[in-house]
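Here the structure comes first, spelled out in structure tokens, and everything after it is commentary.
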Amino acid sequence: MPEVPQSAMSSRVWNSLRSPRLALTILSLTMAYAAVVSWFPWLTAATVAAPVWAVRLGLDHPFRSLTFLAACALLFVNTFACTWDRFGRVLKLWRGELPGYAARLPLNSAADFGLLMRDAGFRDHGGVHFKNRFALWGGGVLHLGILSILLSVAVQQAYSDGGSFEISEQEVVDLGAPGVIFDREAGYLAPGRPPALRVALDSFDAYLHQSGYAPDRRSRLTVLESGRQDRKVSGEIDRSGGLAVGDTTIYQAIPSGFAIDIEVKGAGVRTLHLRARDRMSALARVSDPAGEPLSFVLEAERPLNDPKGTGRITLRMERRGGTQTVKLGEAFPFGLGLARVVAVSRWGGFTYARTPGIALVFSGFAVALAGCFLLLFPAGVARLDAGDGEPGARVYLSRGIELLLLESRQFQPGASAQHIFGER
Amino acid sequence: MQTVTFWGATTCYALATGFFFVALVFGKKWGGRWGRVGAMAGLLPHAAALGLRWAEVGHGPYSSRYEVISGNAFVLVAIYLAVTLVYRQLRPVGAFVMPVTFLLMGWAVSSFGVKGEVPIIFKSYWLLLHIGFAKAFGASLIIAAGCAVARLIKSPAPGRLANLPEVERLDLYAYQFLMISFLFLGVMIIAGSLWAHQSWGRYWGWDPIETSSLATWLAFGIILHFRVLHRWSGRRMAWLTCVAFAFGMATLYVVALVVPTIHNSYLVGK
């Protein structure tokens, strides 16, 4: 592996970047940071707001703070430098060149060396003995996998896009329309607008009991890609998986509630999503077409979130002048004209996500796991080395060298040694 | 029937603990043999107890405290017995594994009556990988810690406790199992994040258990770096293995009990 830096200065920087001490420092600090900030109350409870000092320090979102991102970047650079360096060392071992710290085995004769190495699981390749030669690459492959994961997650986060929306049964919403998406989180390189999708909620069951599972939400959605009438996807989803349409996936979220469809004369049908006021009632605050504020209040005989049903539902309209009971299909004064409630249904919360480059993330995971798997095999290189005239050998073993030295001292030709992963 | 099989298994594990103790302290080889027989004998009713509960509630041992802890104890004994079939010198470490198993069974029974359906998000194949490797991680870490503790006890006087293997071998076993648990923890985290992506469209949410498992993985990484790069071994490494054990057990058993997390359901008890 070629030496990257040329000048003394760049050499010093390179050596600092690849130093194990830097790796351990970053890992320790990152671990301590994660362990401390994860206990912040505003991270463990959604209702707690971050205090001013935390916002000033960027700790309101500690895992998006500059400190954390800088540590991740430094970890990437350090891992890259270590990996580069490591591949050079492994290549030398692969060729049979032993490092300076290889252990020295005292031997009675060269013949003993062959027997001892064979018992220890080494194989002779033209005078150089290898044990699990392939596993020499384990650490390097693991580091390569970690680099791939860091890189692919960074790329994916830059392009990721997600947000929430609500929709009631038989309603159709355009995700690209203003006001439909809320809590949107988009990466620096993500598209400027939410996906151009028209979503219709064909059916929604807030408490469907699927065999073996606790009652939960289940929806049937039809999604149309705007401008591409031929691309229409329908499907049922629950909270165990999403519905993919092009590069976007739509997921079932937890929030749910009652909705009323109001037909306003001359203005078509509007859907109002009611919010729970207490266990038995929900309300929606709106302004009528004349600009007067009013509330629609829905009350049930039983708790609104009782999977067995709410019992009888009553609906009334509250405004400054008084309260009026509203019945399904009956006209009532609304602004300067009339309106009527045409349906009472449920709305469900959903999210969408665009996370491009998932194949890259999967590949990084696969490479890291392959590295971990290779590391399970102890790898070694050994060769005869006369040293200072005494018969002996030099051995590199990724682990278990102390045991090999102990066994070499007790070694008697003909008696089989016992080794981990060699012992039967 | 579940009660009978569960207590049958617990009794066998208690006997195995006693036999291993006799083997360790008094150097009686028959103690080790009978200890393994006790562990094997306990595994059968234990499997029956878990199977009966599975049939009753319709899901595997991954929802309530009883199911999770009892399942973890089962995996621990199964892995210990399987590994010691091949690596015989590891057998005396049963003196450290079986007491932990017995304690786990005692903790599990405290929530024996808790039963319920699992959330809909459990409808995923990633669940099997995530939970399976979590159990394997816990088991391999307990065996690693057992080897490390055995090494710490034996090292001041290597001639003592002759049933235990040489300190060098215990050191190697502890390292080997720490490495294995590092791999299992990695798979557990990855499978969990892929499962989260399948269900919610995001890999990572910095949930307390997610953060804790990442911190544990980093701690393991640091400890393994000390071993590989700084060639730490012996007593220092044994103590570090105990630190890794503390991290792992905190992630598996403590965080979900003390902090609100999306993982609370797996340790739900009385």
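Going down the list, the sequences are from chains A and B. Numbering follows our numbering, in which position 201 of the first sequence is assigned residue number 201; successive positions increment by one, without gaps. Numbering follows our numbering, in which position 133 of the second sequence is assigned residue number 133; successive positions increment by one, without gaps. From the three backbone atoms N, C-alpha and C, an ideal C-beta is built for every residue, glycine too.
Closer than 8 Å to chain B by CB, residue i
i	result
A282 (chain A)	no
G400 (chain A)	yes
A353 (chain A)	yes
S219 (chain A)	no
D216 (chain A)	yes
G246 (chain A)	no
Q210 (chain A)	yes
F296 (chain A)	no
G58 (chain A)	no
D288 (chain A)	no
L116 (chain A)	no
L69 (chain A)	no
D238 (chain A)	yes
For residue i, three-class secondary structure by DSSP
i	result
S160 (chain A)	coil
H129 (chain A)	strand
A73 (chain B)	helix
R340 (chain A)	strand
D216 (chain A)	strand
A154 (chain A)	helix
V100 (chain B)	helix
D232 (chain A)	Inspection of the sequence shows that residue 232 (chain A) is occupied by Lys rather than by Asp. If DSSP states are grouped into helix, strand and coil, K232 (chain A) belongs with the strands.
M1 (chain B)	coil
H130 (chain B)	helix
R89 (chain A)	helix
Y62 (chain B)	coil
G18 (chain B)	helix
P51 (chain A)	coil
A148 (chain B)	helix
Y266 (chain B)	helix
M1 (chain A)	Because the pLDDT at M1 (chain A) is just 47, under 50, the model does not fix this residue reliably, and the value given afterwards should be weighed accordingly. The answer is coil: DSSP assigns M1 (chain A) none of H, G, I, E or B.
W232 (chain B)	coil
G422 (chain A)	With a pLDDT of 41 at G422 (chain A), under the threshold of 50, the predicted position of this residue should be treated as unreliable, though the coordinate-derived value follows. Three-state result, G422 (chain A): coil.
A324 (chain A)	One point to set straight first is that residue 324 (chain A) is Gln, not Ala, in the sequence displayed. Q324 (chain A): strand per DSSP, three-state reduction.
P106 (chain A)	strand
Cutoff 8 Å: residue i Cβ touching any chain A Cβ
i	result
L50 (chain B)	no
E117 (chain B)	yes
E166 (chain B)	yes
T211 (chain B)	yes
K123 (chain B)	yes
R169 (chain B)	yes
W126 (chain B)	no
Sequence-distant residues of the same chain with beta carbon closer than 7 Å to residue i, five excluded per side
i	result
A250 (chain B)	S212
D288 (chain A)	L294, F334 and G335
F133 (chain B)	F184, V187, M188 and A191
H273 (chain A)	E166, S168, G257, A259, A284 and W347
A102 (chain A)	R394, V395 and Y396
Y173 (chain B)	L90 and C147
Residue i to residue j span [Cα, whole Å]
i	j	result
M179 (chain B)	L224 (chain B)	8 Å
A253 (chain A)	F177 (chain B)	40 Å
V373 (chain A)	D216 (chain A)	At residue 373 (chain A) the sequence reads Phe, which differs from the Val that was named. Those two C-alpha atoms are separated by around 39 Å.
Q2 (chain B)	A41 (chain B)	16 Å
L66 (chain A)	L105 (chain A)	51 Å
I79 (chain B)	P61 (chain B)	17 Å
G212 (chain A)	L104 (chain B)	27 Å
D161 (chain A)	D238 (chain A)	21 Å
Y13 (chain B)	R133 (chain A)	41 Å
Y87 (chain B)	D183 (chain A)	55 Å
M280 (chain A)	G322 (chain A)	21 Å
M9 (chain A)	L17 (chain A)	12 Å
L240 (chain B)	G234 (chain B)	10 Å
S416 (chain A)	A120 (chain A)	Note that S416 (chain A) scores a pLDDT of 48, beneath 50, so its modelled location is shaky and nothing firm can be said.
A353 (chain A)	W200 (chain B)	9 Å
L369 (chain A)	V4 (chain B)	41 Å
W137 (chain A)	A379 (chain A)	9 Å
A54 (chain A)	A150 (chain B)	46 Å
H419 (chain A)	M237 (chain B)	No answer about H419 (chain A) holds up, because its pLDDT of 46 lies below 50 and its placement is not dependable.
Cβ neighbours of residue i in the same chain (closer than 8 Å, five flanking residues each side left out)
i	result
W204 (chain B)	S193, A196 and E210
Q210 (chain A)	D216, R218 and D238
G221 (chain B)	F182
T248 (chain A)	P195, L197, Y352, A353 and R354
Residues of its chain near residue i, where Cβ-Cβ distance is below 6 Å and the 5 sequence neighbours each way are ignored
i	result
A196 (chain A)	G176 and S226
V173 (chain A)	I167, V180 and V199
Report the residue ranges of all beta strand (DSSP E) runs contained in full by the region 224 to 304 of chain A; include only those spanning at least 3 residues, in chain order. 228 to 238, 243 to 245, 248 to 264, 268 to 273, 275 to 278, 281 to 287 and 293 to 300
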